[in-house]
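Enquirer: In the numbering used here, the protein residues as written are 2 to 253. Using N, Cα and C, we set each Cβ at its ideal position, and we do this for glycine too. The structure that follows is given in the form of structure tokens.
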């Protein structure tokens, strides 16, 4: 079992290396990229919006409850900015991309694999990584970045409504304090997080989809594994990126 696990990790890293080489050395399939980006957006936009509103609002509401107890409710904007921009935006975005977009990619490639369409492409001299994988990985990355911006805006607007209308914060101070603890570097770090998360989700989905075996049951198992492995990689990457960002920021 340990040897099989190490072999799988080795195959995955080799796959990732091949994808990056193909990404920068071969002709980019722009039409396929646009098609996949639109597809991932259609399956991810509504879930991201529906998850962002309650998730962001609940966290901001809890932060405001603490601020109310210490008489600092007018700092609600600062708390909302830190929570939404640094963590909630990228996490919500990529959970939706991994849970909706990546599973759809895995199911698509897995069904092509068991129907032997991938083998047919190889027989015709068409590289499936260049033709199918690279556009999907890039599309997953771009959509994750875009969704992060959308979730951030929705979260801050929802936090404004709950803080000002329901918890008595001052509207002007909420807006003024949004940049009290965060700035452009924090938002850029958030976008980098989302890009890395989307990249990892796309790579995981494509790898498991291309290696699906055992007919329709195998495709279903690959889709389930995509969710589990993508979430594990995303949370690990989140810890590493957050630690690096604070090291760089404190050093600067």
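Quick check on DSSP: helix, strand or coil for residue 131?
Expert: Here residue 131 sits in helix by DSSP.
Enquirer: Please report the straight-line C-alpha distance between residue 66 and residue 158, rounded to a whole angstrom.
Expert: Answer to the nearest angstrom: the Cα atoms are 18 angstroms apart.
Enquirer: I think residue 86 touches residue 160, with their Cβ atoms under 8 angstroms apart; what is that distance to the nearest whole Å?
Expert: Residue 86 to residue 160, Cβ: 11 angstroms. No contact.
Enquirer: Can you tell me whether DSSP reads residue 226 as helix, strand or coil?
Expert: Reduced to three states, the DSSP call for residue 226 is helix.
Enquirer: Would you give the residue range spanned by the alpha helix (DSSP H) that residue 65 belongs to?
Expert: Segment 31 to 70, the alpha helix (DSSP H) holding residue 65.
Enquirer: Look at the alpha carbon of residue 28 and the alpha carbon of residue 114, and state the distance between them as a whole number of angstroms.
Expert: So the alpha carbons of these two residues sit roughly 23 angstroms apart.
Enquirer: Alpha helix (DSSP H) containing residue 189: first to last residue?
Expert: Its alpha helix (DSSP H) spans residues 185 to 211.
Enquirer: Once the 5 residues before and after residue 107 are set aside, which same chain residues still bring their CB inside 6 angstroms of it?
Expert: Cβ neighbours of residue 107 beyond the five flanking positions: 206, 209, 210, 223, 224 and 227.
Enquirer: Does the beta-carbon of residue 137 have 16 or more other beta-carbons within 10 angstroms, so that it is buried, or is it exposed?
Expert: Classification for residue 137: buried.
Enquirer: With a CB to CB cut of under 7 angstroms and the five nearest residues on each side skipped, what residues in its chain are close to residue 13?
Expert: 208.
Enquirer: So, for residue 146: in the same chain, excluding its five sequence neighbours on each side, which residues have a beta-carbon less than 6 angstroms away from its beta-carbon?
Expert: Only 192, 195 and 196 meet the Cβ criterion.
Enquirer: Among 30, 78 and 238, which residue has its Cα nearest to the Cα of residue 156?
Expert: Comparing Cα positions, the closest option is 78.
Enquirer: Quick check: the Cα distance between residue 173 and residue 100, rounded to an integer number of angstroms?
Expert: Near 37 angstroms, if we compare the C-alpha coordinates of residue 100 and residue 173.
Enquirer: In its own chain, which residues sit with a C-beta less than 6 angstroms from the C-beta of residue 46, not counting the 5 before and 5 after it?
Expert: Cβ neighbours of residue 46 beyond the five flanking positions: none.
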